[in-house]
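K.L.:
Chains as they are written, first to last, in the numbering used here: chain G, 1 to 160; chain A, 161 to 383.
Note that CB positions come from ideal geometry on N, CA and C, so glycine has one too.
Pasting a structure here, questions to come.
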């Protein structure tokens, strides 16, 4: 931006100055001293006038440019602030997303454990019930065959 | 390079215009550039924000998947552990039932043996037990120890001695000891010098045979 601005100012000076410098050179070439002096006077008068004019123009231009730059800086600062807000929101959202997903997963974990508990309780009941049935069956069968067992024991003892 | 040429062209254009117009154009150019820059900053921020959100979503999904995977594994482990405990308890329940019926059988057998000690058959039982013990000792000078009050069932010891002698080819003499046996029934036969004895009391026989008997009785109870 600075390069761009300097370029314009230099060119303004250069173009205006070149015209008056050319007139002065022409006067000298003519070797007409009064004319030359007159031209020189005119030249310096014009130069001063032009210088003031150019300075005013440059000052105005600089003012306008500075103002535009300030506005631009403000715009950019605003954009940067907006960008920060966007990123900050994104970070906040990131944390929210994480918390939401983790919370949902933890809820699922509870459900999984509850389901496992129910399933296993059901299976345990079945196992216990079957074991109880078998225990009863063993007791019933045993009661029926207890006399045979007693005979075996007695035979083993008294038989020597 | 291209941008420098553009700037040159733009400057040339500007120089050919009135001062105010030029300044207006410069101002507009600055504003336009600033607007572009601002837009670029905001676009970059939006892009970055999207990147953050996408990354967060991906990470959160992975974390959630990991939590669920671990929970499933934990649930499986929990089920396996509970089922193993339940199966063990069930097995213990069955074993307890078998033990109960076995104990019942042994207890009933014990009662029967007690009953036997007051029945006429007991004499024959004693004879058999004394004879087996005497043969086991290899005959010789032996004595029999009986339970208090069981002398009345004492079989003919000389007849047993003859049978033992025939079996062991060793001259045998069997007498009744004055000592008494602390048992429910049966007898103890020993050499007179007390060096060797065979305890054929009911309890001693049971203790010797308990392991094989439990297996045999359990088979008989569950066949």
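Against residue 238 of chain A, what residues of chain G qualify as contacts under a CB-to-CB distance less than 9 Å, listed in chain order?
P.N.:
The contacting residues are 113, 116, 117, 120.
K.L.:
Between the segment 88-102 of chain G and the segment 212-226 of chain A, are three or more C-beta pairs nearer than 8 Å?
P.N.:
Counting Cβ pairs under 8 Å, three or more are found: they touch.
K.L.:
Note down the Cα distance separating residue 211 of chain A from residue 106 of chain G, rounded to an integer number of angstroms.
P.N.:
Rounded to the nearest angstrom, the two C-alpha atoms are 26 Å apart.
K.L.:
According to DSSP, which residues form a beta bridge with residue 346 of chain A?
P.N.:
Paired residues: A:361.
K.L.:
Buried or exposed: where does residue 309 of chain A fall if 16 or more other Cβ atoms within 10 Å of its Cβ makes it buried?
P.N.:
Residue 309 of chain A comes out exposed.
K.L.:
Considering only C-alpha positions, which residue in the set A:273, A:226, A:180, A:213 is nearest to residue 363 of chain A?
P.N.:
Among A:273, A:226, A:180, A:213, the Cα nearest to that of residue 363 of chain A belongs to A:273.
K.L.:
Hey, does residue 90 of chain G have any beta-carbon neighbour from chain A nearer than 8 Å?
P.N.:
Yes, its Cβ sits closer than 8 Å to a Cβ of chain A.
K.L.:
Can you check which of these residues, A:191, A:179, A:333, is closest to residue 302 of chain A by C-alpha distance?
P.N.:
Selected option, being the one with the closest Cα: A:333.
K.L.:
With a cut-off of 8 Å, does the C-beta of residue 350 of chain A fall near any C-beta of chain G?
P.N.:
So, not an interface residue.
K.L.:
Just checking, does the segment 350-363 of chain A make contact with the segment 290-307 of chain A on the three C-beta pairs under 8 Å criterion?
P.N.:
The segment 350-363 of chain A vs the segment 290-307 of chain A: in contact.
K.L.:
Does the Cβ-Cβ distance between residue 247 of chain A and residue 138 of chain G come in under 8 Å?
P.N.:
No, these two residues do not count as a Cβ contact at 8 Å.
K.L.:
Just to confirm, is the Cβ distance from residue 387 of chain A to residue 146 of chain G under 8 Å?
P.N.:
No statement about residue 387 of chain A is possible, as the shown extent of chain A runs from 161 to 383 and does not include it.
K.L.:
Against residue 58 of chain G, what residues of chain B qualify as contacts under a CB-to-CB distance less than 8 Å, listed in chain order?
P.N.:
The structure shown contains no chain B; the protein chains it does contain are G and A.
K.L.:
Under 7 Å, CB to CB, which of the residues in the segment 317-351 of chain A have a partner in chain G?
P.N.:
From the segment 317-351 of chain A, no residue has a Cβ closer than 7 Å to chain G.
K.L.:
I believe residue 135 of chain G touches residue 254 of chain A by the beta-carbon criterion, under 8 Å. Please report the beta-carbon distance rounded to the nearest angstrom.
P.N.:
6 Å between Cβ atoms; contact.
K.L.:
Would residue 37 of chain G be called buried (16 or more neighbouring beta carbons within 10 Å of its own) or exposed?
P.N.:
Exposed is the call here.
K.L.:
Would the segment 193-213 of chain A and the segment 75-95 of chain G be scored as touching if the rule is three or more Cβ pairs under 8 Å?
P.N.:
At 8 Å Cβ cutoff, the stretches touch.
K.L.:
On the CB-based measure, 16 or more other CB atoms within 10 Å of its CB, does residue 55 of chain G come out buried or exposed?
P.N.:
It counts as exposed.
K.L.:
Could you tell me if residue 299 of chain A is buried or exposed, where buried requires 16 or more neighbouring beta carbons within 10 angstroms of its beta carbon?
P.N.:
Result: buried.
K.L.:
Taking CB distances under 8 Å as the criterion, tell me whether residue 54 of chain G reaches chain A.
P.N.:
No, because no Cβ of chain A sits closer than 8 Å to the Cβ of residue 54 of chain G.
K.L.:
Would residue 290 of chain A pass as an interface residue toward chain G - the criterion being a Cβ-Cβ separation below 8 Å?
P.N.:
Not closer than 8 Å to any Cβ of chain G, the Cβ of residue 290 of chain A fails to qualify, so no.
K.L.:
Check whether the Cβ of residue 133 of chain G lies closer than 8 Å to any Cβ atom in chain A.
P.N.:
Chain A, which has no Cβ nearer than 8 Å to the Cβ of residue 133 of chain G, makes this no.
K.L.:
Tell me the rounded alpha-carbon separation between residue 350 of chain A and residue 356 of chain A.
P.N.:
Taking the straight line from one Cα to the other gives about 6 Å.
K.L.:
Per the contact definition of three or more C-beta pairs closer than 8 Å, is the segment 315-328 of chain A in contact with the segment 337-350 of chain A?
P.N.:
Counting Cβ pairs under 8 Å, fewer than three are found: no touch.
K.L.:
Check the Cβ of residue 107 of chain G against every Cβ in chain A and list those closer than 9 Å, keeping chain order.
P.N.:
Per Cβ cutoff of 9 Å: no residues; residue 107 of chain G is ~10 Å from chain A at best.
K.L.:
For a quick check, are the C-beta atoms of residue 235 of chain A and residue 90 of chain G less than 8 Å apart?
P.N.:
No, the Cβ-Cβ distance between residue 235 of chain A and residue 90 of chain G is not below 8 Å.
K.L.:
How many Å lie between residue 159 of chain G and residue 285 of chain A at the Cα?
P.N.:
Distance between the alpha carbons of residue 159 of chain G and residue 285 of chain A: 8 Å.
K.L.:
Beta carbons nearer than 9 Å to chain A: which residues of the segment 59-70 of chain G have them?
P.N.:
Flagged, chain order: 60, 61, 64, 65, 67, 68, 69.
K.L.:
Along the chain, where does the beta strand (DSSP E) that runs through residue 279 of chain A open and close?
P.N.:
Note, residue 279 of chain A: premise wrong, no beta strand (DSSP E); not H, not E.
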